[in-house]
Amino acid sequence: MPATQLLLPSDHQDELGATLELPADGHPKAYAIFVHCLENQASINSITCSLTQLGFGVITLDRQKEEASYRLISPEQLVSVTHHLAEQDKAVSLIIGHSLAGTTALLAAYAIDTLQALVTIATPIVPDQIKTNGSDKQARHTQAVLLGKEKVLLPDGWLDALQWAYDTATFKKISKPLLILHAVADSVVAVNHAAEIFQHTLHPKSFITLDDADHFLSRQQDAQYAGNMIAAWVPRYMITYAQSQLTSDKQVVTQTKSTFTTQIVADQHTLMADEPESAGGHDLGPDPYDLLVASLGACTGMTLRMYANHKKWPLEEVRVHLQHQKIYAEDCSECQEKNKIDHIERIIELEGPLDEQQKKRLIEIADKCPVHKTLSSAPSIVTTFREQKLDI
1033 MPATQLLLPS DHQDELGATL ELPADGHPKA YAIFVHCLEN QASINSITCS
1083 LTQLGFGVIT LDRQKEEASY RLISPEQLVS VTHHLAEQDK AVSLIIGHSL
1133 AGTTALLAAY AIDTLQALVT IATPIVPDQI KTNGSDKQAR HTQAVLLGKE
1183 KVLLPDGWLD ALQWAYDTAT FKKISKPLLI LHAVADSVVA VNHAAEIFQH
1233 TLHPKSFITL DDADHFLSRQ QDAQYAGNMI AAWVPRYMIT YAQSQLTSDK
1283 QVVTQTKSTF TTQIVADQHT LMADEPESAG GHDLGPDPYD LLVASLGACT
1333 GMTLRMYANH KKWPLEEVRV HLQHQKIYAE DCSECQEKNK IDHIERIIEL
1383 EGPLDEQQKK RLIEIADKCP VHKTLSSAPS IVTTFREQKL DI
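To convert, note that position 302 of the sequence shown is 1334 in this note's numbering; the numbers rise steadily by one, no gaps.
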């Protein structure tokens, strides 16, 4: 389903913009709020998708633009938003906070009754290491922080609240499972902040390093890794967690919403497909042809494994390299696009003390794998239309 734009009331009658992403089946098992200072939409999507795949409805709060800077959400606003969502039957059980927004989440967390778990990413906590550039008289906020190349306006009293919470170890009031993600190479917020968060909070708590990721997770693979770590950690600690599944009476079901990103459920296994950014996608998963040739590669490896086991041959490992492309038929080099044919190159590597006859036989057996046979034939594809309405 397409993302839904929201306006959420908070303190002082302000309204905060937000985006709601639902799981593939349209029925959230729980709700999460993601507050962040990220700059890359693809990185935001990577973390959001890791949660929707778990069955969460994810509410991502928009950055509050103000001229050449943006305003950080206050702890009071965050608490107010969660209260409003609870009244709308969207009680927030998980908060993910990045950078200064993660600090806000720490300051607000103990006052959110519905909260079951908290995740911080690259979050600062030591007040005297958060360098401000004085007052900004044109804004209603008195202090600002330079975060990378952008100026972030701090809410009134935010730094004082952090200082008080830090000095009094108020963070121990949170008493919720906490996951801390931080990169050792973060040049904006030093990793010692993660150590301080770990020291000032109660168990259960976990720390995972993001290695050489930068502060803004600008490389999509770093954001995907962070999302995967959150997805692996959440089920252990959240009682409302339940795997979201598309349901079907068929073998595989897929769902594509407002972008190319597509959820796939095969039996009980959840996958994701997408198009690369160059084709207008978010590159959150393999494209359909990648999945097609991956099926051939997986089937090839399994078939050779089965045959070698049956023969008791010393096959240790199979690696299959595949490439799909459209080419002209040899006898039609001047033909138009419609006469191009699909061409799949398959290169098989076999490891183990096999003799030449065994290797030759295994290459012959590769052509007998079921997916190879399917692709080599002309499978019948019958398409029908099914009416379905989702109650969201």
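Glycine is no exception: its CB is placed at the ideal position from the N, C-alpha and C atoms.
These numbers were taken from a predicted model, which means no experiment stands behind them.
Cα-Cα separation between residue i and residue j, rounded to whole angstroms
i	j	result
L1249	S1219	12 Å
G1049	R1418	35 Å
L1210	V1284	35 Å
Q1175	R1103	10 Å
T1084	L1040	20 Å
K1061	G1087	5 Å
L1422	H1059	Reliability fails at L1422, whose pLDDT of 47 lies under 50, so the model's placement of it is uncertain and no value is given.
D1322	A1330	12 Å
K1289	D1387	51 Å
A1264	K1392	42 Å
Q1109	D1243	32 Å
A1201	L1052	33 Å
I1359	Q1256	34 Å
A1035	G1089	10 Å
E1405	L1179	The question names Glu, but residue 1405 in the sequence shown is Lys. Whole-angstrom Cα-Cα distance: 56 Å.
L1354	D1399	14 Å
A1197	T1146	21 Å
H1235	K1122	27 Å
N1072	H1314	11 Å
L1054	P1107	25 Å
Q1037	F1292	19 Å
T1335	F1066	44 Å
Q1195	P1159	6 Å
H1247	L1324	36 Å
N- and C-terminal bounds of the alpha helix (DSSP H) containing residue i
i	result
P1320	1320-1343
H1425	Nothing can be reported for residue 1425: it is not among the residues displayed for the chain, which extend from 1033 to 1424.
I1079	1073-1084
Q1390	1388-1398
T1136	1131-1141
V1403	1402-1408
Under the three-state DSSP convention, the category residue i falls into
i	result
S1375	Inspection of the sequence shows that residue 1375 is occupied by His rather than by Ser. Of the three classes helix, strand and coil, the one that applies to H1375 here is strand, per DSSP.
E1419	coil
P1308	coil
R1351	strand
A1154	coil
I1262	helix
L1117	helix
V1221	coil
S1112	helix
P1041	strand
S1412	coil
Q1275	Here Q1275 scores only 47 on pLDDT, less than 50, and its place in the model is too uncertain to base an answer on.
A1123	coil
Q1252	helix
A1149	strand
L1316	coil
L1303	strand
K1204	helix
Where residue i falls, given that 16 or more other Cβ within 10 Å makes a residue buried
i	result
I1395	exposed
I1373	exposed
L1185	buried
A1311	exposed
K1181	exposed
R1337	exposed
V1297	buried
I1091	buried
I1379	exposed
G1384	exposed
K1208	buried
E1307	buried
V1124	buried
S1280	exposed
Q1231	exposed
Start-to-end residues for the beta strand (DSSP E) that takes in residue i
i	result
K1237	1237-1241
T1200	Premise fails: T1200 is in no beta strand (DSSP E) and is neither H nor E.
G1180	Note, G1180: premise wrong, no beta strand (DSSP E); not H, not E.
L1052	1047-1053
T1286	1284-1288
V1090	1088-1093
F1066	1062-1067
V1004	The requested residue 1004 does not occur in the structure, where the chain is confined to residues 1033 to 1424.
S1280	No beta strand (DSSP E) contains S1280, which DSSP labels as neither H nor E.
R1103	1101-1103
L1213	1210-1214
Contact test: residue i Cβ vs the ligand NAD heavy atom, cutoff 7 Å
i	result
L1132	As presented, the structure is devoid of all ligands, the ligand NAD included, so that no description of it is given.
Q.
Quick test of the definition: if touching needs 3 or more C-beta pairs under 8 Å, does the region 1408-1415 touch the region 1342-1360?
A. no
(Q) So, does the region 1103-1118 touch the region 1070-1085, judging by three or more C-beta pairs under 8 Å? (A) no
Q.
Taking 8 Å as the cut-off, does the region 1238-1247 touch the region 1199-1217 (at least 3 CB pairs, one atom from each stretch)?
A. yes
(Q) Does the region 1122-1134 come into contact with the region 1148-1162, if we say contact requires no fewer than three beta-carbon pairs (one atom in each stretch) closer than 8 Å? (A) yes
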